[in-house]
Amino acid sequence: SSLTQVVHSAGRRFIVSPVPESRLRES
Amino acid sequence: AEDTGVRVELAEEDHGRKSSIALRLWVEDPKKLKGKPKDNGAIEFTFDLEKETPDDVAQEMIESGFFHESDVKIVAKSIRDRVALIQWRRERIWPIVQ
Chain R
578 SSLTQVVHSA
588 GRRFIVSPVP
598 ESRLRES
Chain X
12 AEDTGVRVEL
22 AEEDHGRKSS
32 IALRLWVEDP
42 KKLKGKPKDN
52 GAIEFTFDLE
62 KETPDDVAQE
72 MIESGFFHES
82 DVKIVAKSIR
92 DRVALIQWRR
102 ERIWPIVQ
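Those protein sequence lines, which keep their order, are chains R and X. If you count the first sequence from 1, position 11 lands on 588 in this note's numbering, and the numbers rise without skipping. If you count the second sequence from 1, position 40 lands on 51 in this note's numbering, and the numbers rise without skipping.
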């Protein structure tokens, strides 16, 4: 799976990963 | 907690020892947001229960481009609800550690 890392200027690190299909609500 | 369309869960097991915990947030229902979220990714981050506020983290997510600024309140509320639940559990399950 692909991960993306975003670091905010205040120093906090956000790591983004794909949400499993099973955890997404059907719309 | 109210269904905000934004889901926040623990990203690690909470043993009640650390003030900093890993959380994971993702959009379950984009229709509940005013703006368009960046994508369908789950955003993992650490949150310090003693030093930080959900509003701070929500603002940083907006500034990082994950959400539109009009959704700062709904993101903050989603985090706040989860943090409140974690603190509630900690007070009851690990009162001696606290």
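Positions of the beta carbon are idealized from the N, C-alpha and C atoms, including for glycine.
Chain R contact residues for I54 (chain X), given Cβ-Cβ distances below 8 Å = F591, I592 and V593
Over the uninterrupted alpha helix (DSSP H) stretch that includes V596 (chain R), give me the two end residues.
-> Premise fails: V596 (chain R) is in no alpha helix (DSSP H) and is neither H nor E.
Does the separation of the CB atoms of M72 (chain X) and L21 (chain X) fall below 9 Å?
-> no
Leaving aside the five residues before and after S89 (chain X) along the sequence, list all residues of the same chain whose C-beta is less than 6 Å from its C-beta, in chain order.
-> T15, V17 and V19
Cut-off 7 Å between Cβ atoms - residues of its own chain near S604 (chain R), not counting five sequence neighbours on either side = Unreliable positioning characterises S604 (chain R) in this predicted model, as indicated by a pLDDT of 47, which lies under 50. The coordinate reading is nonetheless provided below. Cβ neighbours of S604 (chain R) beyond the five flanking positions: none.
With DSSP as the reference, label D14 (chain X) as helix, strand or coil.
-> coil
Does DSSP put R589 (chain R) in a helix, a strand or coil?
-> coil
Option in X:I32, X:E39 and X:K47 with minimal Cα separation from S81 (chain X) = X:K47
Local Cβ density within 10 Å of V593 (chain R), reported as buried at 16 or more and exposed below that = buried
Could you tell me whether any Cβ in chain R is nearer than 9 Å to the Cβ of T57 (chain X)?
-> yes
Provide the residue(s) that pair with W37 (chain X) in DSSP beta bridges, ordered along the chain.
-> X:R18
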